[in-house]
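To start, the structure itself, in structure tokens.
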Amino acid sequence: MTMPDAVKPSTHDNNQILRYNNKHFNDRWDSRRMPIYHESKTTLDSWLTKLHVEITINGEEAVCPLIGPKGLPEGTFLHRWYNNLNHLDLILLTIGPNPWYNWQYAIYTLREHLNPLIRSQAESRSKLHDETYHAYITTRYPLLKAAFPYEPETEILRRIKAGFADENAFSFMRESTDIRKLEREALEYEEMRTAMAKNKPVSAVPHSAYLKVSGSFPVDPEEFTGSTFVAARGSRDSRESNRDNRYQQRPATSHNVYPVPSDIVKDEDLDPSIKKGRRNLPYDQWDPRARTVNKRVHPETKALVRCFIRGNRQYVCLDHPCKICQRHSLKPDDHFSFEHNLYHDDAQTTAASHSMKAEFVYQSSSEEESENGLED
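With the working numbering applied, the sequence shown covers 24 to 399.
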């Protein structure tokens, strides 16, 4: 098995160069540094590049004899091919002459058999249960690029998203043209999941939706006072029936209600007035509702109003200034009380803005405060 001149590299390694302690090769090279070719995780070009680096540093005499035994996992196509070689071919691949050139030529001739295998592995690859979305995206992308080198980027990203494990990830990561932006969205999604895991909901004491039980979690008055409207995807009949029915039962209280990922507003979609003056705090210092706040068009007044999204797909509008800002004479005050720490550095009131309670009354602020006597 000789290397044809047509496929030999134009720049040859100097076999006489002293690489390690005045030797031609590193006779103490650690075989644990051997790059391993995983057909379902590693691209062929990436594996060959890593091998070339090790050979350039340590010499082909040290690395090439171990490529077959150490670099090809048992059960793979290349492992079976290597074990079926005859004596002469094994000599050419291990001690040469020019064993690294022989390896490159062998892989070059095997590509027509490897390409269908790589394509099958790339198509069947999906996110593993214990794998992060960022790790899944960064490992599958080069596989798909190697298997489908002429496909557009949008199709590659579509194939990646097809392997997502849950709908929330698909709704949150909406990028469809740029792999770098998709990777950033994956990191943001993992960061959000980590923050939510650190603040797991606490089970409330079972109680009636009609009667107030002592010891139940307190309810933020601001959530009762804001006017509401149903999400636009609701049917027309249901919206009209909600407006006609003036009385609605107050739901039972629950604790630490978190928004679904699809309701979280991305930074580029925020209204400029929301961004103005907002502090750059880590997400674990945010009230979860604050991540759904944005300016939206009210279906009745057609005006832009500041509102956040409940878990039941209703929008709660801001109809009075922040009560914490009013008590301390702070500006700006055109935000919800649970957003207070995002606009003001006030150690005495930060803890109050972190209380995460989410039960609401479907009434105007004047009606609710007069009936329930809610205190500021």
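Quick reminder that beta carbons are idealized off the backbone N, C-alpha and C, glycines included.
This structure is a prediction, so every number in the text was calculated from the model and none was measured.
TODO: Starting from the N-terminal side, write out each stretch of the alpha helix (DSSP H) that is 4 residues or longer and does not extend beyond the segment 59 to 133.
DONE: Unbroken alpha helix (DSSP H) runs of no fewer than 4 residues, entirely contained in the segment 59 to 133, are found at 67 to 81, 83 to 94, 100 to 106 and 110 to 117, following chain order.
Original post:
For the beta strand (DSSP E) that Cys330 lies in, which residues bound it at each end?
Top reply: Counted as a single uninterrupted DSSP element, the beta strand (DSSP E) harbouring Cys330 occupies residues Leu327 to Ile332.
| contact_flag[the segment 183 to 196, the segment 205 to 219] where n(CB pairs < 8 Å) is 3 or more | The segment 183 to 196 makes contact with the segment 205 to 219: 3 or more CB pairs, one atom from each, lie closer than 8 Å.
(message) Only counting the same chain, and skipping five residues up and downstream in sequence, which positions put a Cβ closer than 7 Å to that of His157?
(response) Around His157: Glu206, Ala209, Leu210 and Glu213.
Check: Skipping 5 residues on each side, what residues in its chain have a beta carbon closer than 6 Å to that of Ser285?
Finding: Closer than 6 Å at the Cβ level, and outside the excluded window around Ser285, lie Ser194.
Excluding the 5 residues flanking His102 on each side, which residues of the same chain have their C-beta closer than 7 Å to its C-beta? Hits under 7 Å: Leu95 and Pro96.
Delimiting residues of the alpha helix (DSSP H) encompassing Tyr212 = Unbroken alpha helix (DSSP H) run through Tyr212: Ile202 to Lys221.
Which residues mark the beginning and the end of the beta strand (DSSP E) in which Gln337 is found?
-> Unbroken beta strand (DSSP E) run through Gln337: Gln337 to Cys340.
| task | In angstroms with no decimal places, state the Cα-to-Cα distance between Arg124 and Tyr131. | result | Per the sequence shown, the amino acid found at residue 124 is Tyr instead of Arg. Cα to Cα, the separation comes out at about 11 Å.
**Q.** Beta-carbon gap between Arg134 and Ala170 smaller than 8 Å
**A.** No; because the gap between Cβ atoms is not below 8 Å, this pair is not in contact.
Exercise for review: Check the C-beta distance from Cys345 over to His321 and give it rounded, since I have them as a contact under 8 Å.
Suggested key: About 20 Å separates the two Cβ atoms, so there is no contact after all.
(Q) Taking 8 Å as the threshold (C-beta atoms), are Arg216 and Gly186 in contact? (A) No, these two residues do not count as a Cβ contact at 8 Å.
message = Going by DSSP in three states, Asn317 sits in which element: helix, strand or coil?
response = It is a strand residue.
- If you draw a straight line from the C-alpha of Phe100 to the C-alpha of Leu137, how long is it? Rounded to the nearest whole angstrom, the CA to CA distance from Phe100 to Leu137 is 8 Å.
Note to self: Please report the straight-line C-alpha distance between Ile118 and Tyr128, rounded to a whole angstrom.
What the structure shows: If you take the alpha carbons of Ile118 and Tyr128, they lie about 15 Å apart.
Assuming Arg314 and Val328 make a contact with CB atoms under 8 Å, what is their CB distance in whole Å?
-> About 18 Å; that fails the 8 Å criterion.
Leaving aside the five residues before and after Arg301 along the sequence, list all residues of the same chain whose C-beta is less than 7 Å from its C-beta, in chain order.
Closer than 7 Å at the Cβ level, and outside the excluded window around Arg301, lie Leu365 and Tyr366.
If you run the structure through DSSP and keep just helix, strand and coil, what is Tyr173?
Secondary structure at Tyr173: coil, using DSSP grouped into helix, strand and coil.
- Message: Restricting to Cα atoms, I'd like to know which of Asn191, His351 and Glu178 is closest to Asp201.
- Response: Comparing C-alpha distances from Asp201 to each of Asn191, His351 and Glu178 shows the shortest one belongs to Glu178.
### Query
Relative to the C-alpha of Leu116, which residue among Glu146, Leu140 and Glu84 is closest?
The residue from Glu146, Leu140 and Glu84 with its alpha-carbon nearest to that of Leu116 is Glu84.
Subject >> For Phe331 and Ser296, the rounded distance between their alpha carbons >> reply: Linking Ser296 to Phe331 through their CA atoms gives a straight-line distance of about 15 Å.
- Query: Which stretch, first to last residue, makes up the alpha helix (DSSP H) that contains Ala192?
  - Reply: In the DSSP annotation of this structure, the continuous segment of the alpha helix (DSSP H) that includes Ala192 starts and ends at Glu190 to Phe195.
> Near Tyr105, what residues of its chain come up, given a Cβ to Cβ distance below 7 Å and the 5 sequence neighbours on each side ignored?
Replying inline: For Tyr105, the CB contacts under 7 Å within the same chain, skipping 5 residues up- and downstream, are Gly91 and Leu95 in chain order.
query = If you run the structure through DSSP and keep just helix, strand and coil, what is Phe361?
reply = In the structure shown, Phe361 sits in a helix (DSSP, three-state: H, G or I).
message: Rounded to the nearest angstrom, what separates Ile347 and Ser360 at their Cα positions?
response: Ile347 and Ser360: Cα-Cα distance of roughly 6 Å.
request  = Indicate whether Pro282 and Pro311 have their beta-carbon atoms separated by less than 8 Å.
outcome  = Taking 8 Å as the Cβ cut-off, Pro282 and Pro311 qualify as a contacting pair.
**Prompt:** Where Pro355 and Ala218 are concerned, what is the direct C-alpha to C-alpha distance, given to the nearest angstrom?
**Reply:** A straight-line Cα-Cα distance of about 28 Å links Pro355 and Ala218.
For this session: Count the other C-beta atoms from every protein chain shown that fall within 10 angstroms of the C-beta of Pro172, then say buried if there are 16 or more, exposed otherwise.
Result: When all chains shown are included, Pro172 counts as exposed.
Specify, as a first and last residue, the run of the alpha helix (DSSP H) that Lys298 falls within.
DSSP places Lys298 inside the alpha helix (DSSP H), whose first and last residues are Pro295 to Lys298.
### Same chain, Cβ closer than 7 Å to His61, neighbours up to 5 away in sequence not counted
Counting only Cβ-Cβ distances below 7 Å, and skipping sequence neighbours, we find Pro96.
* Asked: With 16 other CB atoms within 10 Å as the buried threshold, where does Glu362 fall?
  -> Residue environment: Glu362 is assigned as buried (16 or more neighbouring CB atoms within 10 Å of its CB, all protein chains considered).
*asked:* Between the alpha carbons of Asp112 and Ile80, how many angstroms are there, rounded?
replied: The C-alpha of Ile80 is placed about 25 Å away from the C-alpha of Asp112.
- prompt: How would you write the range of the alpha helix (DSSP H) that Arg350 sits in, first residue to last?
  reply: Run containing Arg350: Lys346 to His351, per the alpha helix (DSSP H) assignment.
- On the three-state DSSP scale, how would you describe Ser147? Assigned with DSSP and collapsed to three states, Ser147 falls in helix.
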